[in-house]
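Undergrad: Have a look at the structure that comes next, please.
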Amino acid sequence: MAIIDIKTEITGNIWKIEAQPGQRLEEGDTIMILESMKMEIPVSATEDGVLVEILAEEGATVTEGTVVARIEA
Amino acid sequence: MKKLLVANRGEIARRVFRSARELGIATVAVYSEADAKAAHVVEADEAIAIGPAAARESYLDMAKVLDAARRSGADAVHPGYGFLSENADFAESVGAAGLTWVGPSPASIRAMGDKQRARALAEAAGVPIVPGSARIAPGDTDGVEAAGATVGYPLLVKAAAGGGGIGMRRVDDPAKLLETVAATQSMAGKAFGDGSVFLERFVPKARHIEIQVFGFGEAGAVHLHERDCSLQRRFQKVIEESPAPGLPEPVRARMAEAAVALCRHTAYCGAGTVEFIVDAVSFEFFFLEMNTRIQVEHPVTEMVTGMDLVAMQLRFASGEMHNLQQSAIRSTGHAVECRLYAENPQKHFMPSPGTLAVFTMPDEAAGLRIDGGYRQGDVVTPFYDPMIAKVIAHGATRDEARAKAAKALRQIEIEGLASNRSFLIACLEDDRFARGDVYTGFIDEHRAGLVASAAEETCP
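Written out as C-alpha cells, the structure reads:
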C-alpha cells in the first residue's frame, strides 16, 4: 500500500470536486475540475486506488504542482 | 456622449478608450480585485472596483456594472467582446437606466444568440445555410435517399437528441445511407430514448471566413470585407487575416452580399460579424452564426480599410453617423493578426498563467500595430482568457504582412510563463500556410511539425 500524491498540472481555480474520500477510483477517473483561463481541466487519479483525502476546497486558487488529493494505491 | 464606461478589461478596454479619447469622450474603467493595477485601469480617466476576481462576481455581474455606471455619471456603456457583450438583458438594462448602449438592439442580440432563430433569419434573408433534412423517425425509410441527394455528400447522420459530436456518423457513399440511418436510429434510440435522426452536409476541409458588417437599422448596411480565421485550436482563433487567401472574387462578393442582406433583413444596428463555413475545395459557403459585437480580430479589418470600427460604433450610438456608402470602403494590401496567448503549445495548448517577469513588445510602426493588455511585471491570472496581446501587421502583399508579423514576434521578449510566440512564428513561416492552404484542421493536423519548428525557433 502506497500513498500517492495527486498534483495539479497548472495554476487555476478549483471549480468542482467530483470525488469523495473513501471512494474507489480507477486510473484516469476525475477527482476534481480546475478552471483556468476559461478552460476546464480535470485532475485525475494517476493510479487505481482509494481516495484518502482531498486537500483543497472548491473556489480555492492552486498553483501548478500543488498536492490536492491523496490516493492509497 | 460625454462619458463612456467600458464593461470589460485588458486589451479591448484599452482599445475602446483610445477611440473614445480621440472623440473627446471621457473614459471609465471597471475592474475586479485581480485587475486593480491593470493597464486598462491606470489609463482610464476614472476607474471603479466591481468585486472579486471571479468574472461572475465582477465583470459578469450586471448590477455591479450598472451601479458603476451610475456612480461615475457615465452616459454610455461599451461592452467590448465576451463577458456581457452578447447579453440582451444587459443591453436592455443599460437602456432602461437611461444610458446609451454601444451595440445592436437587444432584439438583434437575442435573435442571433438563438442558433435556430439565427438560422431561420439567415434562410429568410436568402443567406445559404448548411443543407439539412427534416427529422427521420425510426422505421421511416421513405424519401431518405432523396433527402440524401438534396443535402449532398459527404453528409452526417445526426441523432436529433444528440449534441457535441455524440451520435454522429459520416456517409460518403449514397449506397451506404440507408444502413447508416438505421444504425444511427438504433443507437440514438438506446442512447437518448429518441431514435430520430436528420441529415446534414459535412464539409471535410473547411475554412472559417467571416464578413465584418456595419448596420444602420432601416437606413441599410455596409460590409467591410472579409477575414479568414481558419487557424484555430480548441475552436479558438489563433491567426486571422484579410483578404482571405485564394478566395475567388465572385465568392467573396456573394459572401459580402449575403452578410449585408442579413443585416438589412433584421434592420441591424452597429458593428457585427457574419461567420461562414467555406468548403476549402469547392468554395461553397454556409451561414454559421452572427456575432453581435466588436470582434477580437477587428484590427485586421481596420488595417486593410483604414477605418476605425470602434469610433464608428461610438459615433453611430451617439447619433452622429447615419449611413455610409459602400463605395467609400476600400480594402488595400493585406493584414494578419497573431494572438499571443499564455499557453503551452507543447502541452496541447494548456493555459499557462503566471507573472510576466520579462515582457517587451516591439514599438508600433507603419504597418505594425500592437493591441495588448499587459505590461512587464503584470500577472496573467487564471481568472480570464489567456490572450496577452495581438500583433497586427499590414503589408502590400500577404508575404510582406507575414514577414512583418514574424519579425515583430521575434522581437517580443517574454519570460515567466509559457507562450505561443514561437508557435505563431512557425505557423506564419510554414510552407502550407505561406501557400494559403488554410483550413480549420490546420493546427490539429500539423501540430507536431509546427511545435518542432517552434522549438528550433526558441533554441537556435
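Quick mapping for you: the protein sequence lines, in order, are chains A and B. Using the working numbering, you'd call the opening residue of the first sequence number 743 and step up by one each time. Using the working numbering, you'd call the opening residue of the second sequence number 45 and step up by one each time. The C-beta atom is built at its ideal place from N, Cα and C for all residues, glycine as well.
To the nearest angstrom, how far is the alpha carbon of W145/B from that of R476/B?
TA: Taking the first residue of the second sequence as position 1, residue 145/B is located at position 101. Taking the first residue of the second sequence as position 1, residue 476/B is located at position 432. Looking at the two C-alpha atoms, the distance is approximately 43 Å.
Undergrad: What number of angstroms, rounded off, separates the C-alpha of L472/B from the C-alpha of G480/B?
TA: For the purposes of this step, residue 472/B is taken as residue 428 along the second sequence, with counting starting at 1. For the purposes of this step, residue 480/B is taken as residue 436 along the second sequence, with counting starting at 1. For L472/B and G480/B, the distance between alpha carbons rounds to 10 Å.
Undergrad: Could you have a look at R419/B and say whether DSSP puts it in helix, strand or coil?
TA: For the purposes of this step, residue 419/B is identified with residue 375 of the second sequence, where counting begins at 1. DSSP places R419/B in coil when its eight states are reduced to three.
Undergrad: Examine chain B for any beta-carbon lying closer than 8 Å to the beta-carbon of S778/A, and answer yes or no.
TA: As a position in the first sequence, residue 778/A is number 36, starting the count at 1. Yes, S778/A lies at the interface with chain B (some Cβ there is under 8 Å from its Cβ).
Undergrad: If we require 3 or more residues per run, which beta strand (DSSP E) segments fall completely within the stretch 286-358 of chain B?
TA: Counting whole runs of 3 or more residues, the stretch 286-358 of chain B contains the beta strand (DSSP E) stretches 313-323 and 329-335.
Undergrad: Could you tell me which whole alpha helix (DSSP H) segments of length 4 or greater appear in the stretch 404-453 of chain B?
TA: Qualifying alpha helix (DSSP H) stretches: none in this window.
Undergrad: D475/B by DSSP, collapsed to three states: which one?
TA: Here residue 475/B is taken as the residue at index 431 of the second sequence, counted from 1. DSSP places D475/B in helix when its eight states are reduced to three.
Undergrad: What residue does the alpha helix (DSSP H) around V195/B start on, and which one ends it?
TA: Within the second sequence, residue 195/B is the residue found at index 151, counting from 1. First-last of the alpha helix (DSSP H) with V195/B: V188 to V195.
Undergrad: Where does D105/B land, buried or exposed, given buried means 16+ other C-beta within 10 angstroms?
TA: Residue numbering aside, residue 105/B sits at position 61 when the second sequence is read from its first letter. D105/B comes out buried.
Undergrad: Using a Cβ cut-off of 8 Å (strictly closer), state whether D422/B contacts chain A.
TA: Walking along the second sequence from the start, residue 422/B turns up at place 378. So, not an interface residue.
Undergrad: Give me the Cα-Cα distance between P504/B and I456/B, rounded to the nearest whole angstrom.
TA: Residue numbering aside, residue 504/B sits at position 460 when the second sequence is read from its first letter. Residue numbering aside, residue 456/B sits at position 412 when the second sequence is read from its first letter. Caution is warranted here: a pLDDT of 49 is assigned to P504/B, below 50, making its placement in the model unreliable, and the coordinate value is therefore given only provisionally. Distance between the alpha carbons of P504/B and I456/B: 16 Å.
Undergrad: Is the beta carbon of K749/A sitting closer than 8 Å to the one on T803/A?
TA: Walking along the first sequence from the start, residue 749/A turns up at place 7. Walking along the first sequence from the start, residue 803/A turns up at place 61. Not in contact: K749/A and T803/A (Cβ atoms no closer than 8 Å).
Undergrad: Mind listing the chain B neighbours of M781/A? Cutoff is C-beta to C-beta under 7 Å, in chain order.
TA: Looking up residue 781/A in the first sequence gives position 39. Here the neighbours are P395.
Undergrad: Span of the beta strand (DSSP E) holding A798/A?
TA: Within the first sequence, the letter at position 56 stands for residue 798/A. Neither: A798/A is in no beta strand (DSSP E) and is coded neither H nor E.
Undergrad: Taking the DSSP output, what are the residues bridged to D272/B?
TA: Within the second sequence, the letter at position 228 stands for residue 272/B. DSSP, once it has assigned bridges, lists I253/B and E285/B as partnering D272/B.
Undergrad: Look at the alpha carbon of D217/B and the alpha carbon of N755/A, and state the distance between them as a whole number of angstroms.
TA: For the purposes of this step, residue 217/B is taken as residue 173 along the second sequence, with counting starting at 1. For the purposes of this step, residue 755/A is taken as residue 13 along the first sequence, with counting starting at 1. Cα-Cα distance, rounded: 48 Å.
Undergrad: Take every Cβ of the stretch 124-143 of chain B, pair it with every Cβ of the stretch 335-347 of chain B, and state whether three or more of those distances are shorter than 8 Å.
TA: Yes: at least three Cβ pairs fall under 8 Å.
Undergrad: Report buried or exposed for N367/B, applying the criterion of at least 16 other Cβ atoms within 10 angstroms of its Cβ.
TA: In the second sequence, residue 367/B corresponds to position 323, counting from 1. Under this definition N367/B is an exposed residue.
Undergrad: Taking R413/B as the reference, which of A372/B, C382/B, H490/B and Y428/B has the closest Cα?
TA: In the second sequence, counting from the first residue as 1, residue 413/B sits at position 369. Measuring from the Cα of R413/B, the nearest candidate turns out to be C382/B.
Undergrad: For a quick check, are the C-beta atoms of T345/B and R374/B less than 8 Å apart?
TA: Within the second sequence, the letter at position 301 stands for residue 345/B. Within the second sequence, the letter at position 330 stands for residue 374/B. No. Outside cutoff.
Undergrad: Using a Cβ-Cβ cut-off of 8 Å (strictly less than) and excluding sequence neighbours within five positions of E189/B, which residues of its own chain qualify?
TA: Locating residue 189/B in the second sequence gives position 145, counting from the first residue. Closer than 8 Å at Cβ, skipping near neighbours: P218, L221 and L222.
Undergrad: With 9 Å as the limit, tell me which residues of the stretch 405-430 of chain B have their beta carbon closer than that to any beta carbon of chain A; keep them in chain order.
TA: The stretch 405-430 of chain B vs chain A, Cβ under 9 Å: V424, T425, P426, F427, Y428, D429 and P430.
Undergrad: Suppose you measure from the CA of M212/B to the CA of A73/B; what does that come to, to the nearest Å?
TA: Taking the first residue of the second sequence as 1, we reach residue 212/B at position 168. Taking the first residue of the second sequence as 1, we reach residue 73/B at position 29. Taking the straight line from one Cα to the other gives about 46 Å.
Undergrad: Are the beta-carbon atoms belonging to L49/B and S137/B less than 8 Å from one another?
TA: Position 5 of the second sequence, counted from the first residue, corresponds to residue 49/B. Position 93 of the second sequence, counted from the first residue, corresponds to residue 137/B. No.
Undergrad: Which residues, in chain order, does the stretch 744-768 of chain A contribute to contact with chain B at a C-beta distance below 8 Å?
TA: Hits within the stretch, in order: E751, I752, T753, G754 and N755.
Undergrad: Using CA coordinates, which residue listed in D79/B, H84/B, A80/B and E77/B is at the minimum distance from T71/B?
TA: As a first step, residue 71/B must be located in the second sequence, where it is residue number 27. Of the listed residues, the one whose Cα sits closest to T71/B is H84/B.
Undergrad: Would you kindly work out how many angstroms separate the C-alpha atoms of R442/B and D111/B, rounded to a whole number?
TA: One-based indexing of the second sequence puts residue 442/B at position 398. One-based indexing of the second sequence puts residue 111/B at position 67. Going from the Cα of R442/B to the Cα of D111/B covers about 46 Å.
Undergrad: Would you report the Cα separation of A78/B and R179/B, rounded to the nearest angstrom?
TA: Walking along the second sequence from the start, residue 78/B turns up at place 34. Walking along the second sequence from the start, residue 179/B turns up at place 135. One C-alpha to the other measures close to 49 Å.
Undergrad: Specify, as a first and last residue, the run of the beta strand (DSSP E) that T783/A falls within.
TA: As a first step, residue 783/A must be located in the first sequence, where it is residue number 41. Here residue 783/A is Ile; the residue named in the question, Thr, does not match the sequence. Counting along the chain, the beta strand (DSSP E) containing I783/A begins and ends at M781 to S786.
Undergrad: Classify R465/B: buried if its beta carbon has 16 or more other beta carbons within 10 angstroms, exposed otherwise.
TA: By 1-based counting over the second sequence, the position of residue 465/B is 421. Buried is the call here.
Undergrad: Can you give me the Cβ contacts of A303/B inside the same chain, cut-off strictly under 6 Å, excluding the 5 residues immediately before and after it?
TA: Along the second sequence, one-based indexing puts residue 303/B at 259. Within the same chain, A303/B has close Cβ partners I255, V257, H267 and V318.
Undergrad: For the structure I just gave you, are there three or more beta carbon pairs, one from the stretch 775-790 of chain A and one from the stretch 391-411 of chain B, closer than 8 Å?
TA: Because the criterion of three Cβ pairs below 8 Å is met, the stretch 775-790 of chain A and the stretch 391-411 of chain B touch.
Undergrad: Could you tell me which residues DSSP pairs with D747/A in its beta bridges?
TA: By one-based count along the first sequence, residue 747/A stands at place 5. In the DSSP output, where bridge partners are listed per residue, D747/A has R812/A.
Undergrad: Under 8 Å between the Cβ atoms of S230/B and G239/B?
TA: By 1-based counting over the second sequence, the position of residue 230/B is 186. By 1-based counting over the second sequence, the position of residue 239/B is 195. Taking 8 Å as the Cβ cut-off, S230/B and G239/B qualify as a contacting pair.
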